[in-house]
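From first to last, the protein sequence lines are chains W and D.
Going by the numbering used here, the first sequence opens with residue 1, and the numbers climb by one from there.
Going by the numbering used here, the second sequence opens with residue 255, and the numbers climb by one from there.
Glycine included, each C-beta is placed from N, C-alpha and C at the ideal position.
2 protein chains.
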Amino acid sequence: MTATENNSHPTLHTCLSPALLNLYDVSSSIVVIIDVLRATSTIATALANGAKSIIPVDSVHECIRIGKEMACITAGERDGKIAEGLAYGNSPFEYPETFVKDKTLVLTTTNGTKLLHMALKNNAKAIVTASFPNLSATCDYLIQQKQNVILGCAAWKDRINIEDTLFAGAVVSKIKQHFSINCDSTQIAETLYNNASADLFEFMKQKNASHYQRLAGYGLEKDIKYCLTADVANVLCVYKEGSLISFAKIKALL
Amino acid sequence: MTATENNSHPTLHTCLSPALLNLYDVSSSIVVIIDVLRATSTIATALANGAKSIIPVDSVHECIRIGKEMACITAGERDGKIAEGLAYGNSPFEYPETFVKDKTLVLTTTNGTKLLHMALKNNAKAIVTASFPNLSATCDYLIQQKQNVILGCAAWKDRINIEDTLFAGAVVSKIKQHFSINCDSTQIAETLYNNASADLFEFMKQKNASHYQRLAGYGLEKDIKYCLTADVANVLCVYKEGSLISFAKIKALL
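Encoded structure:
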C-alpha cells in the first residue's frame, strides 16, 4: 500500500486507558468500548442469547432505581464481585438464553460502563461494545462503516491492562489494511496480540496479568477462558438512545 | 522464585504516560524519567562527556532567564526543533566533550523535563534520568538500591510512545528478578522489547513509530540510532537539588 492510498483511509487509534481518552478526537469517531473481563464479554453474550436490551449505568444506586422502575434484571459488579443490592453479577455464564431471552438488563461495572459514558459525553459518532466473543461481528462493522475508529480500553481504574490491550490488538490485526494508522499504542497492542494469539489464556497466566490473578482468586478461570474465545457470541452490540442492543434487533426495528 | 521470596522484593511499576503518574505511589519510589528521543539520551551524553551539571526547566522563558543569570549554555526543543531564543537543541551530537566539559546546561524539552517536575512535585524518593545510552549504569543502580521503582515514560504530549515503552522493557528484562512485579504495563513493555531487541531501529521504522517519522522527517536518523544504542554514555544521571549530575561527580563531592 502506498502512503497516498493509505491517507485516503479513515484513521484508527487505540486508547489504552480512560484517563487518556481526552487525547483523541472522539467526536469524529466510532468508539469501541473494550472491557474483556468481563463487562463487554457479558454484554455480547446476553445480547447473543436474545436479551432485548442492556441499559449501562454508572452507579449501583442508579441500577437499583431503574431496575425497580422498569421491572428489569439488575446486574453488576464492583471489584469483580456482585455489587450489594443487585440481583446478578458480571459473569457471562449468568445469562443463558433460558434466562435472558426478551428481557432487559440494567448493568453497572467498575470500568466498562464508565468509559462508555465518557465516550457519550464526548459526543462519539457511534458507540459499540466489543470483546473476543463478538470479535468478527465488530470488525466487519468497522470495515463497512469507513469511519475513523478509536479502540477504547476500559482498563482497571485507569491502569492499562493486558486483556483489553490484547483485544485491541486482535481488532487491529483483522482490520488494519482498511485504516490509516499513525498511533504507537495501536502498534504496541498489535505486537502484544501477535505474541499471545497462539494461547491467550496461557499468555495471561504466564504474564501474571493483574485481572487474571483477581478473577482466578475467585475461582473464575472458566470466565476468563470464555471471555478470551473469539466469536462465541458473535453479535454487533450497538449503543442507541440509552441502551445496548444487538444489530440484528436494530434491523428488525427498521 | 517462590511467591514468598517475591513478596520480599521491592515493587516495579511502569507508567506509560505522564497522564497516568497519579495512579502510582511516587513518594515511596525511585522514579526513572525516560525520554529516549531525545532528552534523556542527550542528558546522559552531556554528563558522560564531562558536563558539570544540567538544570532541567519547564519553559523556554525560564531557560533563557537562568542562562543569562548563570552564564551557562541554554538548550532545548519544542516539537523536535531548537526552541526560539535558545542557543542549542536536543541532539546528543551537539554535546561532545570538547564543548561541554565542565560546563552547565539549562535544558527544556517537550516531555522529559515536564515529567521530571511532576515526579519532583509528587515527592519522589529519588529521580534519575535514563535511556539506552546509560542503560546498564541505571540498571545497576536500581538493583543496588533495593527500593520500589517506577519507570516513568515521558511519552509525547501524554500519548504513549514506542521508544520509551521499549526502554522501560529493556530495564525490566535486565532487573526483573530483583523485583516483585504486579503491573500489566510492565509486562506489556517487556513483551514489546523482546520483540524488538534484535534491531530496535528497524522495529521503530517497521512500526512507523510516530517519533521515528517526526525525527526522520528532519533527517535525524543518526540521532535515533544513537539514542537506541546501549551503554554508549554509561553514566548514572541523578537529580539533586535542582540539577542533574553524574553519579561519579556526586561521589567526588562527598
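Boundaries cannot be given for residue 473 of chain D, as no beta strand (DSSP E) includes it and DSSP labels it neither H nor E.
Under the three-state reduction of DSSP output, residue 331 of chain D falls in the strand class. Under the Cβ criterion (8 Å, minimum of three pairs), the region 457 to 465 of chain D counts as touching the region 408 to 419 of chain D. Using a 10 angstroms sphere on the CB of residue 231 of chain W, the tally of other CB atoms stays under 16, which defines it as exposed. Residue 175 of chain W is outside the set of residues whose beta carbon lies under 8 Å from a beta carbon in chain D. Taking 7 Å as the upper bound on Cβ-Cβ separation, chain D lies near residues 158, 159, 160, 161, 162 and 165 of the region 148 to 168 of chain W. Look at residue 160 of chain W here: in three-state DSSP terms it is coil, with no helix or strand label.
In this chain, the beta strand (DSSP E) harbouring residue 106 of chain W covers 104 to 108. C-alpha of residue 199 of chain W to C-alpha of residue 358 of chain D: approximately 53 Å in a straight line. Within 7 Å of the CB of residue 145 of chain W, no CB atom of chain D is found; the nearest one sits about 23 Å away. The three-state reading of DSSP puts residue 88 of chain W in strand, counting E and B together.
Minimum Cα-Cα distance from residue 126 of chain W among the listed residues W/73, W/151 and W/81 corresponds to W/151. Contact of residue 445 of chain D with chain W by beta-carbon distance below 7 Å involves 192 and 195. Shown here, residue 189 of chain W sits in a helix according to DSSP, grouped into three states. Residue state for residue 143 of chain W is assigned as helix, using DSSP reduced to three classes. For residue 384 of chain D, the three-state secondary structure derived from DSSP is strand.
Residue 265 of chain D is positioned such that its CB atom lies closer than 8 Å to that of residue 434 of chain D. Taking 3 residues as the minimum length, the beta strand (DSSP E) runs contained wholly in the region 260 to 288 of chain D are 266 to 269 and 283 to 288, in order along the chain. Taking every protein chain shown into account, the CB of residue 325 of chain D has fewer than 16 other CB atoms within 10 angstroms, so this residue is exposed. Of all residues in the region 60 to 79 of chain W, none is placed with a Cβ closer than 7 Å to any Cβ belonging to chain D. Taking a C-beta cut-off of 7 Å against chain D, the contacting residues of the region 14 to 35 of chain W are 16, 17, 19, 20 and 23, listed in chain order. Non-local beta-carbon contacts of residue 267 of chain D in its own chain, meaning distances under 6 Å to residues more than five positions away in sequence, involve 278, 404 and 437 in chain order.
In the three-state DSSP reduction, residue 435 of chain D falls in the coil class, being neither helix nor strand. An exposed status is given to residue 276 of chain D, since fewer than 16 other beta-carbon atoms sit within 10 Å of its beta-carbon. Remark: three or more beta-carbon pairs, one from each stretch, lie closer than 8 Å, so the region 334 to 351 of chain D and the region 289 to 307 of chain D are flagged as touching. Contact of residue 368 of chain D with chain W is not assigned, every C-beta pair being separated by 8 Å or more.
Any Cβ of chain D closer than 8 Å to the Cβ of residue 119 of chain W would place that residue at the interface, and such an atom is absent.
Chain-order list of chain D residues neighbouring residue 209 of chain W: 438 and 441, by C-beta distance under 8 Å. The shortest C-alpha to C-alpha distance from residue 20 of chain W to any of W/172, W/239, W/220 and W/119 is the one to W/119. Counted as a single uninterrupted DSSP element, the stretch harbouring residue 295 of chain D is not any beta strand (DSSP E) but the alpha helix (DSSP H) occupying residues 293 to 302. Assigned with DSSP and collapsed to three states, residue 100 of chain W falls in helix. For residue 237 of chain W, the enclosing beta strand (DSSP E) covers residues 237 to 240. In the DSSP assignment, residue 60 of chain W falls within the alpha helix (DSSP H) that extends over 60 to 70.
For residue 241 of chain W, the number of other beta carbons within 10 angstroms of its own is below 16, and it is reported as exposed.
Between the region 470 to 490 of chain D and the region 384 to 393 of chain D, the count of Cβ pairs shorter than 8 Å is three or higher; the stretches touch. Only exposed fits residue 352 of chain D, as fewer than 16 other CB atoms lie within 10 angstroms of its CB.
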